[in-house]
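Here the structure comes first, spelled out in structure tokens, and everything after it is commentary.
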Amino acid sequence: MKWKIHVLYLGDILVSKGVSTFGLDTDLRINLPYLGYMLVSGSKKILVDTGINSRFIVDGRAWGGNPARGGERYLLDALEKNSARAEEIETVVYTHLHNDHAGNCHLFPESLHVFHYDEWNELLNPLPSMRIRGDFDPDVIPIIQRFSCLKVTGDCKLTEGLMLYHTPGHTIGGLTVSVDTSEGVYIIPGDIINIYQNLFPKVAEMVDLKGRRFKITPAPERYGPLGVPSAILYDHYAWYRSIWKIRGLLRSPKHLLPCHEPAICGKTFPGDSIELEIPE
Ligand SMILES: [Zn+2]
Numbered sequence: 034m035k036w037k038i039h040v041l042y043l044g045d046i047l048v049s050k051g052v053s054t055f056g057l058d059t060d061l062r063i064n065l066p067y068l069g070y071m072l073v074s075g076s077k078k079i080l081v082d083t084g085i086n087s088r089f090i091v092d093g094r095a096w097g098g099n100p101a102r103g104g105e106r107y108l109l110d111a112l113e114k115n116s117a118r119a120e121e122i123e124t125v126v127y128t129h130l131h132n133d134h135a136g137n138c139h140l141f142p143e144s145l146h147v148f149h150y151d152e153w154n155e156l157l158n159p160l161p162s163m164r165i166r167g168d169f170d171p172d173v174i175p176i177i178q179r180f181s182c183l184k185v186t187g188d189c190k191l192t193e194g195l196m197l198y199h200t201p202g203h204t205i206g207g208l209t210v211s212v213d214t215s216e217g218v219y220i221i222p223g224d225i226i227n228i229y230q231n232l233f234p235k236v237a238e239m240v241d242l243k244g245r246r247f248k249i250t251p252a253p254e255r256y257g258p259l260g261v262p263s264a265i266l267y268d269h270y271a272w273y274r275s276i277w278k279i280r281g282l283l284r285s286p287k288h289l290l291p292c293h294e295p296a297i298c299g300k301t302f303p304g305d306s307i308e309l310e311i312p313e
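34 is the number of the first residue of the sequence shown in the numbering used here; add one for each residue after it.
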């Protein structure tokens, strides 16, 4: 069974690039999209991540007090733009349950909600550091509790052509989704990889949400060949192990669809191209 992937624009946040690539370009402010992914095969529609709830954007600011936009209207508009309605989504998969990925779960009361068992426990009992940062949106707990849920505990097949892999590091229960398409398997890694440079340290440019290119600093040798960690990791050991695992799943750089990468925002794969040099 082959799938198509529609990358949904669910809002954006203006942050220091150093949030996504620790120690690199800390004085550069970039607009990172909140992304979701609608996977379509025949009449089957599956959503990966739901974006941020507007309740979590106070006076135009979200996580870390940074200017942001988003909310359920963005998700409903993005679905409509791709000829879909919320009622048609049979399954919602969460790469993780951070506020900007689980915020609009309430729009899918009839769907099956799939996430990692450890992620649920983390949402119920966040560490003080996670509370200070406001990583989770506790208001989603009673909502998800009412829904039919599948809490997975390891690598598993979700359905024909879709695999889930446990990739902790950014959070305890992070999931990576692999999607089989007519042009090979695409990888949706969640926030364990925010942007291409997290996996490909030598990347020297990005595009903004209007498609304009700008220069970024390639990672110096001391970062090593595996990748550039973001500033938001709960476990660096887990992160490097998961990065190694994702490398083993990945067929080419452009088969990777990072969860805050402007270069893929609004595109459909296979089909659209990614206008960015990604040196391996
Ligand atoms: Zn996150």
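Virtual Cβ for every residue (Gly too), placed ideally from N, Cα, C.
Could you tell me the alpha carbon to alpha carbon distance between residue i and residue j, rounded to whole angstroms?
i: proline 251; j: lysine 287; result: 18 Å
i: leucine 157; j: arginine 62; result: 32 Å
i: isoleucine 176; j: histidine 39; result: 26 Å
i: glutamate 123; j: glycine 202; result: 28 Å
i: threonine 204; j: valine 212; result: 22 Å
i: glycine 257; j: proline 66; result: 27 Å
i: methionine 163; j: tyrosine 267; result: 9 Å
i: leucine 160; j: phenylalanine 55; result: 21 Å
i: tryptophan 49; j: isoleucine 221; result: According to the sequence as given, residue 49 is serine; it is not tryptophan. Looking at the two C-alpha atoms, the distance is approximately 23 Å.
i: valine 73; j: glutamate 143; result: 18 Å
i: glutamate 216; j: aspartate 58; result: 34 Å
i: lysine 396; j: leucine 289; result: The question about residue 396 has no answer here: the residues shown for the chain are numbered 34 through 313.
i: tyrosine 70; j: leucine 80; result: 6 Å
i: valine 126; j: alanine 237; result: 32 Å
i: methionine 239; j: arginine 245; result: 8 Å
i: glutamate 313; j: cysteine 298; result: 22 Å
i: arginine 166; j: leucine 47; result: 16 Å
i: lysine 243; j: tryptophan 36; result: 27 Å
i: leucine 191; j: isoleucine 307; result: 27 Å
i: aspartate 110; j: alanine 117; result: 9 Å
i: tryptophan 96; j: asparagine 86; result: 12 Å
i: arginine 284; j: aspartate 60; result: 33 Å
i: leucine 112; j: aspartate 305; result: 18 Å
i: serine 53; j: phenylalanine 247; result: 16 Å
i: glycine 75; j: methionine 34; result: 9 Å
i: aspartate 82; j: aspartate 92; result: 24 Å
i: lysine 114; j: arginine 94; result: 26 Å
Let me check understanding here. Comparing Cα to Cα, which of the options lies closest to residue i?
i: leucine 140; options: Val173, Pro312 and Phe302; result: Val173
i: leucine 41; options: Glu310, Pro291, Ile311 and Phe55; result: Pro291
i: arginine 106; options: Ala119, Val91 and Pro312; result: Ala119
i: alanine 271; options: Arg245, Gly304, His199 and Pro303; result: His199
i: histidine 129; options: Arg246, Leu197, Gln230 and Thr54; result: Leu197
i: proline 262; options: Tyr229, Asn99 and Gly304; result: Tyr229
i: asparagine 154; options: Arg255, Lys184 and Glu143; result: Lys184
i: isoleucine 311; options: Ile249, Arg179, Pro303 and Leu47; result: Ile249
i: proline 295; options: Gly281, Leu259 and Asp241; result: Asp241
i: glutamine 178; options: Lys235, Phe148, Ile265 and Arg280; result: Phe148
i: tyrosine 219; options: Gly194, Met239, Lys235 and Pro234; result: Gly194
i: glycine 223; options: Glu152, Leu112 and Pro171; result: Glu152
i: threonine 186; options: Thr192, Pro171 and Tyr150; result: Tyr150
i: arginine 255; options: Ser285, Lys235 and Ala264; result: Lys235
i: proline 279; options: Asp188, Lys300 and Ala264; result: Note on residue identity: the sequence assigns isoleucine, not proline, to residue 279. With distances taken between Cα atoms, isoleucine 279 lies closest to Asp188.
Tell whether a beta-carbon distance below 8 Å holds between residue i and residue j.
i: alanine 25; j: glycine 44; result: Outside the modelled stretch of the chain, which goes from 34 to 313, sits residue 25, for which no answer is possible.
i: phenylalanine 169; j: histidine 131; result: yes
i: isoleucine 225; j: glycine 207; result: yes
i: leucine 309; j: isoleucine 276; result: no
i: histidine 269; j: asparagine 227; result: no
i: asparagine 137; j: leucine 108; result: yes
i: threonine 8; j: phenylalanine 302; result: No answer is possible for residue 8: it lies beyond the span of the chain, which begins at 34 and ends at 313.
i: histidine 146; j: serine 181; result: yes
i: glycine 98; j: glycine 84; result: no
i: leucine 259; j: tyrosine 273; result: yes
Would DSSP call residue i helix, strand or coil?
i: lysine 248; result: strand
i: isoleucine 220; result: strand
i: leucine 108; result: helix
i: isoleucine 177; result: helix
i: valine 52; result: helix
i: cysteine 182; result: strand
i: methionine 34; result: coil
i: isoleucine 265; result: coil
i: proline 66; result: strand
i: histidine 146; result: strand
i: alanine 271; result: helix
i: tyrosine 229; result: helix
i: lysine 278; result: helix
i: alanine 117; result: coil
i: lysine 243; result: coil
i: isoleucine 122; result: coil
i: phenylalanine 141; result: coil
i: leucine 61; result: coil
Quiz: which residues have CB nearer than 5 Å to ligand 1 non-hydrogen atoms
Taking each Cβ in turn, the ones that pass are His131 and Asp224.
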